[in-house]
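Heads up: the structure comes next, in structure tokens.
In our numbering, the protein residues as written are 209 to 331.
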């Protein structure tokens, strides 16, 4: 399969789909992206497409929560934290938001591959 291409969003922790049994690495990585309680559900290990879907929805919710948290943090925390601490909280959101967006994009490409999508280089 010489011309196998993985998109730039592809997570380093997941072997490329051209490698036999790559799904095992995908499942391990996806389980790290969801709450630990999800590990209890055997169906998610047996059906990685379902796990990917749940992971995508979970992380998308986290993106929305981070955006909402960022918008309200300064007002809600003012008077409860010193100004430098409020700014540090906002900085945490500024880092966490983009990290979650990158994770969301990585999950989306892994999900596509689990569904059988082959990636081809676009010129």
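Where is the CB? At the ideal position from N, CA and C, for every residue including glycine.
Quick caveat: nothing in here was measured; it's all calculated off a predicted structure.
- Scanning 317, 276, 327, 326 for the CA closest to the CA of residue 260 turns up 317.
- Across the structure, residue 257 and residue 216 are spaced so that their CA atoms are roughly 21 Å apart.
- Counting the other Cβ atoms within 10 Å of the Cβ of residue 264 gives 16 or more, which makes it buried.
- Here residue 251 is exposed, its C-beta having fewer than 16 other C-beta atoms within 10 Å.
- With respect to residue 314, residue 219 sits close: the two C-beta atoms are nearer than 8 Å.
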